[in-house]
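Here is the structure we will look at.
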Amino acid sequence: MSRRMSDEYLLWLILTNTIVIRKLWHPKPDLYVNGRFVKPILNEQGGKKRIFGGKRYRWKIQHEGRCRRIMCSKLVWMYVHQCIIPDDCRIHHESKGHLNDSIGNLDMMTYEDHQRHHYPSLANKD
Ligand SMILES: [Zn+2]
172 MSRRMSDEYL LWLILTNTIV IRKLWHPKPD LYVNGRFVKP ILNEQGGKKR IFGGKRYRWK
232 IQHEGRCRRI MCSKLVWMYV HQCIIPDDCR IHHESKGHLN DSIGNLDMMT YEDHQRHHYP
292 SLANKD
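Residue numbering for the sequence shown follows this note's numbering, starting at 172 and increasing by one per position.
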């Protein structure tokens with residue numbers, strides 16, 4: 172069984188060019204790990220608490236006994252900014268929708284701002 176790959180480990184793979192993402196402005200950027208193309212997988216968003224479900228593209232990344240399934244949006248953002256996304260932040264897909272992982276369609280928001288953005292009616296209740 173492989174161990175889960177941490178965000179820190181992913182960042183190290185990015186900084187050492189083990190992970191390379193091309194076509195960053197394309198709706199479906201291309202991922203290479205150690206020079207090998209990794210195909211995105213379309214699946215349901217995980218977690219029972221998610222209200223706005225729907226499909227997202229993810230990559231399954233394997234490296235030296237470690238494995239991680241990560242939303243393409245999150246890895247694209249990490250790759251471009253070369254840093255880890257703080258725990259209380261989320262990567263939001265802008266006007267072009269949840270299946271468009273172009274860097275131009277992604278924005279980092281705090282969890283609270285993200286909830287407010289998607290559920291303005293909940294935010295107004297007090
Ligand atoms: Zn969002």
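No residue lacks a Cβ here, since even glycine has one placed at the ideal position from N, Cα and C. This structure is a prediction, so every number in the text was calculated from the model and none was measured.
Margin query: Taking 6 Å as the limit between beta carbons, can you name the residues of its chain near I187, skipping five residues before and five after?
Written below: The residue asked about is misnamed: residue 187 is Thr in this sequence, not Ile. Close CB contacts of T187 within its chain, under the 6 Å cut and outside five residues either way in sequence, are absent.
Next item on the list: Enumerate in chain order the residues of its own chain whose CB-to-CB distance from P200 is below 8 Å, with the five nearest sequence positions on each side excluded.
Entry: Taken in chain order, the residues that qualify are I192, R193, K194, C243, V247, D272, S273, I274.
Notebook entry, point to check: Does the segment 229-238 come close enough to the segment 176-190 that 3 or more CB-CB pairs lie under 8 Å?
Noted result: Counting Cβ pairs under 8 Å, three or more are found: they touch.
Check: Who are the near neighbours of N205 in its chain, counting only those whose CB is closer than 7 Å to its CB and skipping five residues on each side?
Finding: The residues T189, in chain order, have a CB closer than 7 Å to that of N205 in the same chain once the five nearest residues on each side in sequence are set aside.
Item checked: L202 beta carbon less than 8 Å from that of W230 -> Result yes, Cβ atoms of W230 and L202 sit closer than 8 Å.
Next item on the list: Please report the residue range of the alpha helix (DSSP H) in which E265 lies.
Entry: For E265, there is no enclosing alpha helix (DSSP H), as DSSP marks it with neither H nor E.
Next item on the list: Within the same chain, show all residues whose beta-carbon is closer than 6 Å to that of M280, passing over the 5 residues directly before and after it, in chain order.
Entry: Taken in chain order, the residues that qualify are R261, H263.
Checklist line | D284, DSSP secondary structure in three states | finding: For D284, the secondary structure class from DSSP, reduced to helix, strand or coil, is helix.
Margin query: Considering Cα atoms alone, identify which of M172, S177, R207 is closest to D258.
Written below: Of the candidates M172, S177, R207, the one whose C-alpha sits nearest the C-alpha of D258 is S177.
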